[in-house]
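**Student:** So the protein sequences, as listed, match chains A and B.
Going by our numbering, the first residue of the first sequence is number 1, and it counts up by one from there.
Going by our numbering, the first residue of the second sequence is number 1, and it counts up by one from there.
Structure provided below as structure tokens; questions to follow.
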Amino acid sequence: QLVESGGTLVQPGGSLRLSCAVSGFNVRSNYMNWVRRAPGKGLEWVSVIYSGGTTDYADSVKGRFNLTRDNSKNTLYLQMSSLTDEDTAVYYCARGLNGFYAMDVWGQGTTVTVSS
Amino acid sequence: EIVLTQSPGTLSLSPGESATLSCRASQNLSSSYLVWYHLKPGQAPRLLIYGAFRRATGIPDRFSGRGSGTDFTLTISRLEPEDFAVYYCQHFSRSPPLNTFGQGTKLEIK
């Protein structure tokens, strides 16, 4: 199970940290992703952290977002900075299906609204 | 950068009918990297098909995926009320690191 939290209203230029609490499996055992859906738009992949700790980011967030994990808490964190209204979205945490290219377990999402 | 174009944008069908959703890539893809999800309002996205044709756990055999190269399809036979949702295809890439989604096809009840 994946439970996201931390979404809220934040001003443009601000920062926010999202959390994804993982239960039922070890957060290190799978590659883990964040995906977002802006209002009225489709899904957009944001970031991934692989089992070995390597991270990748979409160009739209590179340099502004940082994905980490706390193995002792079995939790993922997405640190977001220099936020703009284009970052307004529901943010989903999703587990990668090992051995395949797919995301097989998803959280319910947490809503980030960037507005003054 | 690979672009995925889904069609149609909206598909209006009745329960019991069959749906065929298309996902066209701007360049050849390995079928191993093509995935389908659906998303219902207020719910989390759900994995349906991965590797172009493998059904995810718990997905009924009414759902089938096929395709290769640039053209992929998701077929849903004998539509049930819970099938009406927005469907997305996705392509995974590690080089460059970009996991592209199509813009979605809305499957609505006619």
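Cβ coordinates follow ideal geometry from the N, Cα and C atoms, glycine included.
Owing to the predicted nature of the structure, the values given are computational and were not obtained by experimental measurement.
Suppose the cutoff is 6 Å on Cβ atoms and the five residues either side in sequence are ignored; what does the same chain contact list for Ser118 of chain A look like?
**Tutor:** No statement about residue 118 of chain A is possible, as the shown extent of chain A runs from 1 to 116 and does not include it.
**Student:** Along chain A, in chain order, which residues have C-beta atoms closer than 7 Å to that of Ala25 of chain B?
**Tutor:** Taking the first residue of the second sequence as 1, we reach residue 25 of chain B at position 25. Here the premise fails: no neighbours, minimum Cβ distance about 14 Å.
**Student:** Quick one: give me the first and last residue of the beta strand (DSSP E) that Ala89 of chain A is part of.
**Tutor:** Locating residue 89 of chain A in the first sequence gives position 89, counting from the first residue. Unbroken beta strand (DSSP E) run through Ala89 of chain A: 89–96.
**Student:** Under a CB-based cut-off of 7 Å, is Trp34 of chain A close to chain B?
**Tutor:** Taking the first sequence and counting its residues from 1, one reaches residue 34 of chain A at position 34. So no, Trp34 of chain A is outside the interface.
**Student:** Under three-state DSSP, which class holds Tyr33 of chain B?
**Tutor:** Taking the second sequence and counting its residues from 1, one reaches residue 33 of chain B at position 33. Three-state DSSP puts Tyr33 of chain B in a helix.
**Student:** Does the beta carbon of Ala102 of chain A sit closer than 7 Å to a beta carbon anywhere in chain B?
**Tutor:** Position 102 of the first sequence, counted from the start, is the residue given in the question as residue 102 of chain A. Cβ-Cβ to chain B under 7 Å: yes for Ala102 of chain A.
**Student:** In whole angstroms, give me the CA-to-CA distance for Glu108 of chain B and Leu11 of chain B.
**Tutor:** Taking the first residue of the second sequence as position 1, residue 108 of chain B is located at position 108. Taking the first residue of the second sequence as position 1, residue 11 of chain B is located at position 11. If you take the alpha carbons of Glu108 of chain B and Leu11 of chain B, they lie about 6 Å apart.
**Student:** Check for me: the beta strand (DSSP E) holding Leu47 of chain B runs from which residue to which?
**Tutor:** For this step, residue 47 of chain B is matched to residue 47 along the second sequence. Run containing Leu47 of chain B: 46–50, per the beta strand (DSSP E) assignment.
**Student:** Return yes when the Cβ of Tyr87 of chain B is within less than 7 Å of the Cβ of Leu43 of chain A, no when it is not.
**Tutor:** Taking the first sequence and counting its residues from 1, one reaches residue 43 of chain A at position 43. Taking the second sequence and counting its residues from 1, one reaches residue 87 of chain B at position 87. It is not a contact, given that the beta carbons lie outside the stated cut-off.
**Student:** Is Gln1 of chain A a contact residue of the ligand SAM, with contact defined as CB to any heavy atom under 6 Å?
**Tutor:** No copy of the ligand SAM occurs in the structure displayed, which carries no ligand at all.
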